[in-house]
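Below is one structure, written out as structure tokens, with a few remarks after it.
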Amino acid sequence: MSYPDLTPSSSTSAIILPATGTTGDVAASLAIGYYKTTNTFLTGAAAQVAFTYKRLGGDILDIEIKAENVYNHYEEAVLEYSYIVNLHQARNALGSALGSATGSFDHTGDLTTGTDTALKYPKFQFDYAFRTADKFSTEAMVGGTEPIYSASLDTVTDQADYDLQAIVEAAAAADNTLPYASIDGKRIKVRQVYYVTPRQMWRFYGYYGGLNVVGDFHNYGQYADDSTFNVIPPWQNKAQAIAYEDHLYTRTSHFSYELIDNKLRLHPTPDTNVSPEKFWFRFSVETADTAFATGSYDSGVEGVNNMNTLPFENIPFDKINSMGQQWIRKYALALSKETLGQVRGKFGNSIPIPGDNISLNASELLSQAANEQAALKEELNKQLDEMLYSKLAETDKAMIDNTDAIVAKAPLKIYVG
Amino acid sequence: MSDKWTRPTQAPPPLFVGDKEKDLVKQVNDEIIERVVGQQILYFSIDLETTDFHPVYGEALEKNFYHPVRVYALVEFQGVESEFMDNFVIDKSTKLKVFFHKRRLTEDQNLFVREGDYIRYGDIYYEIVKTIEPKLLYGQVDSRFEIQAECIRARKGVFEGA
Chain A
25 MSYPDLTPSS STSAIILPAT GTTGDVAASL AIGYYKTTNT FLTGAAAQVA
75 FTYKRLGGDI LDIEIKAENV YNHYEEAVLE YSYIVNLHQA RNALGSALGS
125 ATGSFDHTGD LTTGTDTALK YPKFQFDYAF RTADKFSTEA MVGGTEPIYS
175 ASLDTVTDQA DYDLQAIVEA AAAADNTLPY ASIDGKRIKV RQVYYVTPRQ
225 MWRFYGYYGG LNVVGDFHNY GQYADDSTFN VIPPWQNKAQ AIAYEDHLYT
275 RTSHFSYELI DNKLRLHPTP DTNVSPEKFW FRFSVETADT AFATGSYDSG
325 VEGVNNMNTL PFENIPFDKI NSMGQQWIRK YALALSKETL GQVRGKFGNS
375 IPIPGDNISL NASELLSQAA NEQAALKEEL NKQLDEMLYS KLAETDKAMI
425 DNTDAIVAKA PLKIYVG
Chain B
-8 MSDKWTRPTQ APPPLFVGDK EKDLVKQVND EIIERVVGQQ ILYFSIDLET
42 TDFHPVYGEA LEKNFYHPVR VYALVEFQGV ESEFMDNFVI DKSTKLKVFF
92 HKRRLTEDQN LFVREGDYIR YGDIYYEIVK TIEPKLLYGQ VDSRFEIQAE
142 CIRARKGVFE GA
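Listed in order, the protein sequences are those of chains A and B. Numbering of the first sequence is given in my numbering, commencing with residue 25 and proceeding in unit increments. Numbering of the second sequence is given in my numbering, commencing with residue -8 and proceeding in unit increments.
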């Protein structure tokens, strides 16, 4: 008869964290699997098991989680780190990335089309400012990308009121080659009403009409343009031209108008004696997607519009430096504590033993895990906030100001030539 | 159709305790009893087939027993108590209460606690005089959790394990 085994093994397979992880087991156990083909990640995840084991005292007491749990905690920590850093970089780069190409992603956050820009250092584009200026240009009638159409109406003797909306729609219905032929009942936005008189009138009623002399602070305006040879900068010529045009269209105009609900009323009512035969007006067509319509040479409407469409993948594991790696280890450890706390706490923090019950440390583990996770994220966010590009500029300015202040206190020597 | 059924590994709702939970309880108990507390006894099972009993009184002057088995259990030493017996003599008795983790005994050591078996705790032999199974694990009718054995010190000559 053989002697009995003094310490028989348990027939129940106990869940105990092993002392070390196995690199080859990592990929298959990952819930997301974003980094499963990155060897450095697999090695790091396996090493995290030993880190957790030692940190939680696995060589003294059992840790009732599996190595697979730790592999996943490690992956979650890397993804969390990537999430926070990418948010930070989005704040840095969004202003410059607006309108640039976006991409498509799969459920892991991997780009399926497009180019990852999470690691790029952007060239500043100020695109939002330009996009804003674009609209102002349109409204100021000096450019922009919104198409502006023109049409005309024939004045009718003794008729002051003209329905411009109806005139445009009638014209569009009659001629489908017109650029605004697709108006299709959309409201027009009238931007200018004008009529054309013979240009020769300038010479007689133009810039003598109380406009003052506008030429180069000389008596330039007293002479015709083509006989004046003052050398002046182009902006001044342009300013003069604008002034001439304003003068021509306002001060010398016989007519004025009011426009209500695209109904034009001319003052005075045209008659057969002095009325121009045609009035012209410029207009744009309001559409539901005006904000996203593109002009012929416009771009960017289909591009990045906010943080969500930035083509940022999760940060490649091998681009995370030593500071990031340590953050990840600590965060993964906090996640392991959380899982262990949940396991030990399922029975209300207490487990029966023969003759009694015993309290486990589930509450402490869960509390520690929550605090550590919050502290780690707060620390990382705080550091990253200090490193926003805008903050870096502030820091540089402060350094320069302080340097100036120091230099200002230094005694100035009298220069002796 | 088979009338057998298998308990699911994970407790389906609304059950709270499945095999995983029971295994966790056993794991924690094994750890606490064997590696944290570490109290151990030697358990001597009497071999009923080879021991000669008195045909009337049922006593056996010499008891055959199986090889002793080391068992980790929670032992509550209840002290030495003196008693003045029938105005005749002072007697001393020493009592123990041993709390066994049932699954560890039955599943891993194939051991069953019985009245009349002996244990050794320290250098002293004790006889099991009473057993109680007071607790079901979370009220599960098929999960008797523990065995309590009340023991008294074996008088000299009644049992010699060596």
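Where is the CB? At the ideal position from N, CA and C, for every residue including glycine. For clarity, every value in this text was computed on a predicted model and none was experimentally measured.
Grouping DSSP H, G and I as helix and E and B as strand, with all else coil, what is residue 24 (chain A)? The question about residue 24 (chain A) has no answer, for chain A in this structure spans 25 to 441.
Would you check if the distance between the CB atom of residue 137 (chain B) and the CB atom of residue 133 (chain A) is smaller than 8 Å? Position 146 of the second sequence, counted from the start, is the residue given in the question as residue 137 (chain B). Position 109 of the first sequence, counted from the start, is the residue given in the question as residue 133 (chain A). For residue 137 (chain B) and residue 133 (chain A), no; Cβs fall outside 8 Å.
Could you name the residues that DSSP lists as bridge partners for residue 294 (chain A)? Walking along the first sequence from the start, residue 294 (chain A) turns up at place 270. DSSP, once it has assigned bridges, lists no residue as partnering residue 294 (chain A).
Take every Cβ of the region 285 to 293 of chain A, pair it with every Cβ of the region 187 to 205 of chain A, and state whether three or more of those distances are shorter than 8 Å. Short answer: they touch.
Taking the alpha carbon of residue 307 (chain A) as the reference point, which residue from A:98, A:325, A:175 and A:388 has its own alpha carbon closest? Position 283 of the first sequence, counted from the first residue, corresponds to residue 307 (chain A). Out of A:98, A:325, A:175 and A:388, A:175 has the C-alpha closest to the C-alpha of residue 307 (chain A).
Positions along the region 370 to 384 of chain A whose CB lies within less than 9 Å of some CB in chain B: Per Cβ criterion, the list reads 370, 371, 375, 376, 377, 378, 379, 380, 382 and 384.
May I have a chain-ordered list of the beta strand (DSSP E) segments no shorter than 3 residues that lie completely inside the region -7 to 74 of chain B? Listed in chain order, they are 31 to 35 and 60 to 63.
Determine the burial state of residue 152 (chain A): buried for a count of at least 16 other Cβ atoms within 10 Å of its Cβ, exposed for fewer. Taking the first sequence and counting its residues from 1, one reaches residue 152 (chain A) at position 128. Of the other Cβ atoms in all chains shown, fewer than 16 fall within 10 Å of the Cβ of residue 152 (chain A); this residue is therefore exposed.
Which residues bound the alpha helix (DSSP H) around residue 368 (chain A)? If you number the first sequence from 1, residue 368 (chain A) lands on position 344. Residue 368 (chain A) -> alpha helix (DSSP H) spans 346 to 368.
Residues of the region 65 to 84 of chain B whose Cβ lies closer than 9 Å to any Cβ of chain A, in chain order: Listed by position, the residues of the region 65 to 84 of chain B near chain A (Cβ gap below 9 Å) are 65 and 67.
Consult DSSP for residue 32 (chain A) and reduce its assignment to one of helix, strand or coil. Reading the first sequence from its first residue, position 8 is the one you call residue 32 (chain A). In the structure shown, the three-state DSSP call for residue 32 (chain A) is coil.
Can you grab the Cα-Cα spacing for the pair residue 216 (chain A) / residue 199 (chain A), in whole Å? Walking along the first sequence from the start, residue 216 (chain A) turns up at place 192. Walking along the first sequence from the start, residue 199 (chain A) turns up at place 175. Going by the C-alpha atoms only, they are around 23 Å apart.
From A:137, A:304, A:32 and A:136, pick the residue whose C-alpha is nearest to that of residue 192 (chain A); which is it? In the first sequence, counting from the first residue as 1, residue 192 (chain A) sits at position 168. Nearest of A:137, A:304, A:32 and A:136 to residue 192 (chain A), Cα basis: A:304.
Below 8 Å on C-beta distance, what does residue 32 (chain B) contact in chain A? On the second sequence, residue 32 (chain B) is found 41 positions in, with the first residue counted as 1. In chain order: nothing, as chain A lies at least about 12 Å away.
Could you compute how far the alpha carbon of residue 423 (chain A) sits from the alpha carbon of residue 407 (chain A)? Within the first sequence, residue 423 (chain A) is the residue found at index 399, counting from 1. Within the first sequence, residue 407 (chain A) is the residue found at index 383, counting from 1. Taking the straight line joining both Cα atoms gives about 19 Å.
Using a beta-carbon distance below 8 Å, is residue 18 (chain B) in contact with chain A? Within the second sequence, the letter at position 27 stands for residue 18 (chain B). Yes - at least one Cβ of chain A is within 8 Å of the one on residue 18 (chain B).
Ignoring anything shorter than 3 residues or poking outside the region 361 to 418 of chain A, list the beta strand (DSSP E) runs there in chain order. Taking only runs of at least 3 residues, the beta strand (DSSP E) segments lying wholly in the region 361 to 418 of chain A are 374 to 377 and 380 to 383.
What did DSSP end up calling residue 289 (chain A) once you bin it into helix, strand or coil? Position 265 of the first sequence holds residue 289 (chain A). Reduced to three states, the DSSP call for residue 289 (chain A) is strand.
Tell me which same chain residues have a C-beta within less than 7 Å of the C-beta of residue 54 (chain B), skipping the five on either side of it? Taking the first residue of the second sequence as 1, we reach residue 54 (chain B) at position 63. Same-chain partners within the cutoff: 37, 42 and 150.
Is the beta carbon of residue 98 (chain B) sitting closer than 8 Å to the one on residue 35 (chain A)? The residue labelled residue 98 (chain B) in the question sits at position 107 within the second sequence. The residue labelled residue 35 (chain A) in the question sits at position 11 within the first sequence. Using a Cβ distance threshold of 8 Å, residue 98 (chain B) and residue 35 (chain A) count as a contacting pair.
Is the CB of residue 131 (chain B) under 8 Å away from at least one CB in chain A? Here residue 131 (chain B) is taken as the residue at index 140 of the second sequence, counted from 1. No, residue 131 (chain B) lies away from the interface with chain A (no Cβ there is under 8 Å from its Cβ).
Considering only their Cβ atoms, is the gap separating residue 129 (chain A) from residue 341 (chain A) smaller than 8 Å? Taking the first sequence and counting its residues from 1, the one referred to as residue 341 (chain A) is at position 317. Taking the first sequence and counting its residues from 1, the one referred to as residue 129 (chain A) is at position 105. Not in contact: residue 341 (chain A) and residue 129 (chain A) (Cβ atoms no closer than 8 Å).
Does the region 135 to 153 of chain A touch the region 346 to 364 of chain A, meaning 3 or more C-beta pairs lie closer than 8 Å? With a cut-off of 8 Å, the region 135 to 153 of chain A and the region 346 to 364 of chain A do not count as touching, because too few Cβ pairs lie within range.
May I ask you to list, following chain order, the residues of the region 70 to 92 of chain A that have a beta carbon less than 8 Å from some beta carbon of chain B? Taking a C-beta cut-off of 8 Å against chain B, the contacting residues of the region 70 to 92 of chain A are 85, 86 and 88, listed in chain order.
Range of the contiguous alpha helix (DSSP H) that encloses residue 163 (chain A): Translated into positions along the first sequence, residue 163 (chain A) becomes position 139. 151 to 163 is the span of the alpha helix (DSSP H), which, as asked, contains residue 163 (chain A).
Is the number of C-beta pairs between the region 108 to 118 of chain A and the region 359 to 376 of chain A that are closer than 8 Å three or more? The answer is no - the region 359 to 376 of chain A does not touch the region 108 to 118 of chain A, with fewer than three Cβ pairs under 8 Å.
Considering just the uninterrupted stretch of the beta strand (DSSP E) at residue 120 (chain B), what are its terminal residues? Here residue 120 (chain B) is taken as the residue at index 129 of the second sequence, counted from 1. Segment 115 to 123, the beta strand (DSSP E) holding residue 120 (chain B).
Would you check if the distance between the CB atom of residue 89 (chain B) and the CB atom of residue 145 (chain B) is smaller than 8 Å? Residue 89 (chain B) sits at position 98 when you count from the first residue of the second sequence. Residue 145 (chain B) sits at position 154 when you count from the first residue of the second sequence. Their beta carbons are not under 8 Å apart, which means residue 89 (chain B) does not touch residue 145 (chain B) by this criterion.
Is it buried or exposed, residue 447 (chain A), if we count other Cβ atoms within 10 angstroms and call 16 or more buried? Since the first residue shown for chain A is 25 and the last is 441, residue 447 (chain A) is missing from the structure and cannot be characterised.
Of all the CB atoms in chain B, is at least one closer than 8 Å to the CB of residue 128 (chain A)? For the purposes of this step, residue 128 (chain A) is taken as the residue at position 104 of the first sequence. With 8 Å as the cut-off, residue 128 (chain A) does not count as an interface residue toward chain B.
Which term fits residue 92 (chain B), buried or exposed, when burial requires 16 or more other beta carbons within 10 angstroms of its beta carbon? The residue labelled residue 92 (chain B) in the question sits at position 101 within the second sequence. Counting Cβ neighbours within 10 Å, residue 92 (chain B) comes out buried, since at least 16 surround it.
Bridge partners of residue 88 (chain B), per DSSP? Residue mapping note: residue 88 (chain B) aligns to position 97 of the second sequence, counting from 1. Beta-bridge annotation (DSSP): residue 88 (chain B) is paired with B:67 and B:141.
Can you check which of these residues, A:302, A:62, A:201 and A:169, is closest to residue 325 (chain A) by C-alpha distance? Residue numbering aside, residue 325 (chain A) sits at position 301 when the first sequence is read from its first letter. Out of A:302, A:62, A:201 and A:169, A:169 has the C-alpha closest to the C-alpha of residue 325 (chain A).
Residue 158 (chain B): which of B:111, B:78, B:16 and B:131 sits nearest, CA to CA? Residue numbering for chain B in the displayed model covers -8 to 153; residue 158 (chain B) lies beyond these limits and cannot be assessed.
Would you grab the beta carbon distance between residue 64 (chain B) and residue 24 (chain B) for me? Rounded to a whole angstrom, and I think it's under 8 Å. Position 73 of the second sequence holds residue 64 (chain B). Position 33 of the second sequence holds residue 24 (chain B). Contact between residue 64 (chain B) and residue 24 (chain B) holds, since their C-beta atoms are separated by about 7 Å, short of 8 Å.
Kindly indicate if chain B contains any beta-carbon less than 8 Å away from that of residue 340 (chain A). If you number the first sequence from 1, residue 340 (chain A) lands on position 316. No - not a single Cβ of chain B is within 8 Å of the one on residue 340 (chain A).
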